[in-house]
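Note that UniProt numbering has the sequence shown beginning at 240, numbered continuously upward. The beta carbon of each residue, even a glycine, is placed where N, CA and C say it ideally should be. Structure first, commentary second.
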Amino acid sequence: RRDKAQTYLERPAVTKAGTAVRVQVNIADPSDVDGIDISTCEGIGLMRTEFLFGKTLPDEETQYCAYRKVLEWAGEKPVTIRTVDAGGDKPVPGFTVDEGNPFLGLRGIRLSLARPEVFRVQIRALLRAAVHGNLKVMFPMIAVADEYERAVALFTEEQAGLVARGVAQKMPPLGIMVEVPSVAIAPEAFANVAFFSIGSNDLTQYVMAAARDNASVAHLNSVRHPAVLRLIASVAAFGRAQKIPVSLCGDAGGDPASIPALLEAGLRDLSVVPAQLAMAKAAIADVSI
Ligand code: PEP
Ligand code: MG
């Protein structure tokens, strides 16, 4: 099966009925791109930046170099970088706080907005790196529109600061992850975002109240539960109606068992881990949509 899947790698993904599906890849460390042939994917759908926040908080130059490397590798293809999603299953020593219920606590954009001095460093690195390719930036764990507005305001402020200093910069399109149920249920509050990227790992755990990292409730944690699929379908429909691109970057996007249901829900844009790229394209070719 793997050998057969390999033959799909070189071609753009299409279903049996000829419907095109965009397939991008998820990365974390910039070195992840070294093993990927850019011609086999449509770009980077999710670059997680938590890895940069290892033992110490990374300075602006370190982050700028990491983002620039990936942007230059991708050329004209889009690279979607996510601002730091610390907390929950991704604790960062010296940054995240100890709390009783970390999945429901100060994580993702909540923590970034609570620590603007840390967030602003990342924002400047992103604005500067944007000059070197086709960058998009997205915010994790958005629950209410005010968080998006505040994050955008920080981008605008930092851009003005760079302009005043004569530093080369560019404002990238700013989108959001759809991984908190409030956004998937009431997306109309977000009609002004540049794009949506569905985080099915978190969306599923929050809809099913079954932690993503707890084997004893793994049977409940399914993206194919009708409650989760219905939310995904309604976000996809909202995006079509408002002309806002909708993609999915959770692990389900690379799971051959979930791909038919995701396409059925209306998605045409998936981002998968590099190891799943060939399998995902092969699974798409099997769907008759
Ligand atoms: C998700 O929640 O589906 C997602 C892509 O983000 P992460 O797994 O990093 O939380
Ligand atoms: Mg997530």
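For residue i, three-class secondary structure by DSSP
| i | result |
| --- | --- |
| Ala-466 | helix |
| Gln-263 | strand |
| Thr-395 | helix |
| Gly-400 | helix |
| Leu-501 | helix |
| Ala-252 | strand |
| Leu-413 | strand |
| Met-493 | In the sequence as displayed, the identity of residue 493 is Gly instead of Met. Correct three-state label for Gly-493: helix. |
| Glu-268 | Contrary to the premise, residue 268 reads as Asp rather than Glu in this sequence. Of the three classes helix, strand and coil, the one that applies to Asp-268 here is coil, per DSSP. |
| Ser-486 | strand |
| Ile-275 | coil |
| Leu-285 | strand |
| Arg-507 | coil |
| Ala-297 | It should be noted that the sequence gives Pro, not Ala, for residue 297. Coil, per DSSP. |
| Phe-429 | helix |
| Thr-319 | strand |
| Gly-478 | helix |
| Arg-436 | One detail in the question is off: residue 436 reads as Ser in this sequence, not Arg. In this structure, Ser-436 counts as strand in the three-state DSSP scheme. |
Neighbour-count burial assignment, residue i, 16 or more Cβ in a 10 Å radius
| i | result |
| --- | --- |
| Asp-385 | exposed |
| Pro-379 | buried |
| Lys-375 | buried |
| Glu-418 | buried |
| Ile-471 | buried |
| Ser-278 | exposed |
| Glu-281 | buried |
| Val-360 | buried |
| Val-402 | exposed |
| Lys-294 | exposed |
| Lys-520 | buried |
| Ser-436 | buried |
| Glu-338 | exposed |
| Cys-488 | buried |
| Asn-265 | buried |
| Arg-404 | exposed |
Near the ligand MG: residue i beta-carbon under 6 Å from a heavy atom
| i | result |
| --- | --- |
| Asn-453 | no |
| Gly-438 | yes |
| Glu-386 | no |
| Glu-418 | yes |
heavy atom of the ligand PEP below 6 Å from residue i C-beta
| i | result |
| --- | --- |
| Asp-441 | yes |
| Gly-414 | no |
| Gly-489 | yes |
Under 7 Å between C-beta atoms of residue i and residue j
| i | j | result |
| --- | --- | --- |
| Ala-517 | Gln-263 | no |
| Val-336 | Ile-523 | no |
| Tyr-445 | Pro-420 | yes |
| Val-318 | Ile-283 | yes |
| Val-526 | Pro-495 | no |
| Ser-510 | Leu-350 | no |
| Glu-300 | Arg-363 | no |
| Val-474 | Val-485 | yes |
| Asn-431 | Thr-443 | no |
Residue i at chain B interface by Cβ criterion, 7 Å
| i | result |
| --- | --- |
| Pro-412 | Here chain B cannot be found, since the structure has a single protein chain. |
beta-carbon residue i near the ligand GTP non-hydrogen atom, thresh 6 Å
| i | result |
| --- | --- |
| Ser-527 | No copy of the ligand GTP appears in this structure; the ligands present are the ligand PEP and the ligand MG. |
What residue ranges within the segment 335-395 form continuous alpha helix (DSSP H) runs of no fewer than 4 residues, ordered along the chain?
-> Counting only runs of 4 or more, we get 348-353, 355-368.
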